[in-house]
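To keep things clear, I will list the structure first and then write my remarks on it.
Protein chains: 2
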Amino acid sequence: MMETLRALAEPSRFQIVELLRDGPRPVGDLVHRLRLHQPQVSKHLRVLSDAGLVEARVDAQRRIYALRPEPLQELEVWLERYRRIWEGNFQRLDALLEELKDEERKSKGKKRVPTKR
Amino acid sequence: MMETLRALAEPSRFQIVELLRDGPRPVGDLVHRLRLHQPQVSKHLRVLSDAGLVEARVDAQRRIYALRPEPLQELEVWLERYRRIWEGNFQRLDALLEELKDEERKSKGKKRVPTKR
DNA sequence: TTTTTATATTCCTCTGCAAGAATATGTCTT
DNA sequence: AAGACATATTCTTGCAGAGGAATATAAAAA
């Protein structure tokens, strides 16, 4: 998880992942699309590979790199545990709106009671 | 997006986010739970705040930090575009299994034709 | 007003890591 | 066999950024 994040938190590597979303590509292709030097691309691919985000299929002298879904799935699972936060927030928002309506209905110039917590 | 990833790709900050998942907390609370020094926690909170992952409510001398869902939602949206990859992979896996069954059925010692591409 | 409490900021140092250059490895072509 | 081509690895340098220590800010308590 941390390794996945660290791998993605670098612009070039992020771009590589984005490119591989459309399908596997050989290194050279990535090189000229990203306009980076070949060694740096290889090094980034190494990091991505170590993080399990990417795997290579050997085709003669070329390596065709493809995305591995597992780490991204893991990320999604992690994120799901946060979903209740924004779902909760919508509840809060509803509550807030109701409160406001109530206030407005009751009295217009009423002092705001600071929402104690 | 990149800023979100960079902010999360640091163990202490990741932990802070995890702690805030259970609700808002003042800085001091985070300090003693993470067993970090207060200045480092404040600095991490600064980074998280700049990334929009966190916001502070002022309570006298204390700042109560809370998660902001937007960046995480954005992350989830980004991830969704990758879902079709693993859904697609299951298709591929099925295809692969069929292929293997075919090969096995036809001939056992057959030379592997390198999947030309 | 002075002191205490809570947090933020600054300055310094040190480590990790990304880019560059050169080279190694390995496979295809001739 | 000797190149040519595709990719990986190594070494070096430079810089961002994380931690430590000291200090600034600002509100509460005394």
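Heads up: the protein sequence lines correspond to chains A and B, in order.
For the first sequence, the working numbering begins at 1 and goes up steadily by one.
For the second sequence, the working numbering begins at 1 and goes up steadily by one.
All C-beta atoms in this analysis are idealised placements derived from N, C-alpha and C, irrespective of residue type, glycine included.
Worksheet item: Are the beta-carbon atoms of A:Ala51 and A:Ala9 separated by less than 8 Å?
Response: Taking 8 Å as the Cβ cut-off, A:Ala51 and A:Ala9 do not qualify as a contacting pair.
Worksheet entry | Residues sharing a beta bridge with B:Leu19, DSSP | Note: B:Leu19 sits in no beta bridge, so no partner.
Item to complete: Using only alpha-carbon positions, find the residue among B:Glu18, B:Ser49 and B:Thr4 that is nearest to B:Leu34.
Response: Nearest C-alpha to B:Leu34: B:Glu18.
Worksheet item: Checking contacts by CB at 8 Å: is A:Tyr82 closer than that to chain B?
Response: With 8 Å as the cut-off, A:Tyr82 counts as an interface residue toward chain B.
Discussion item. At the level of alpha carbons, what is the spacing between A:Val77 and A:His37?
Written reply: So the two alpha carbons sit approximately 35 Å from each other.
Fill in: Test: B:Arg21 CB closer than 8 Å to a CB of chain A
Yes, its Cβ sits closer than 8 Å to a Cβ of chain A.
Item to complete: Give me the Cα-Cα distance between B:Glu87 and B:Glu74, rounded to the nearest whole angstrom.
Response: Looking at the backbone, the Cα of B:Glu87 and that of B:Glu74 are separated by about 21 Å.
Practice prompt. Return the residue from the list A:Arg83, A:Pro26 and A:Pro39 that minimises the CA-CA distance to A:Gln61.
Written response: Here the closest residue by C-alpha is A:Pro26.
Worksheet item: Rounded to whole angstroms, how far is the Cβ of B:Pro24 from the Cβ of B:Ile64, which I believe are closer than 8 Å?
Response: So it is a contact: roughly 5 Å between Cβ atoms.
Worksheet item: What three-state label does DSSP hand B:Leu67 in the structure shown?
Response: Three-state DSSP puts B:Leu67 in a strand.
Discussion item. As a quick exercise: from B:Gly28, B:Phe14 and B:Arg83, pick the residue whose alpha carbon is nearest that of B:Leu67.
Written reply: The residue among B:Gly28, B:Phe14 and B:Arg83 with its C-alpha nearest the C-alpha of B:Leu67 is B:Phe14.
Worksheet item: Roughly how many angstroms separate the alpha carbons of B:Glu103 and A:Asp59, rounded to a whole number?
Response: Interpretation of B:Glu103 is limited by its pLDDT of 49, a score under 50 that renders its predicted location unreliable; no figure is taken from the coordinates.
Discussion item. Spatial neighbours of B:Val31 within its chain, please: C-beta separation below 7 Å, excluding the five flanking residues on both sides.
Written reply: So the qualifying residues of the chain are Gln38 and Val41.
Item to complete: Pull up the DSSP beta-bridge partners for A:Val54, would you.
Response: DSSP links A:Val54 through a beta bridge to A:Leu67.
Worksheet item: So with Cβ pairs under 8 Å, would you call B:Ile85 a contact of chain A?
Response: For B:Ile85, the nearest CB of chain A lies under 8 Å from its own CB, placing it at the interface with that chain.
Discussion item. Mapping the DSSP letters down to three states, classify A:Gln38 as helix, strand or coil.
Written reply: The answer is helix: DSSP assigns A:Gln38 an H, G or I state.
Worksheet item: Under 8 Å, do B:Leu79 and A:Leu72 count as touching if we go by C-beta distance?
Response: Contact: yes.
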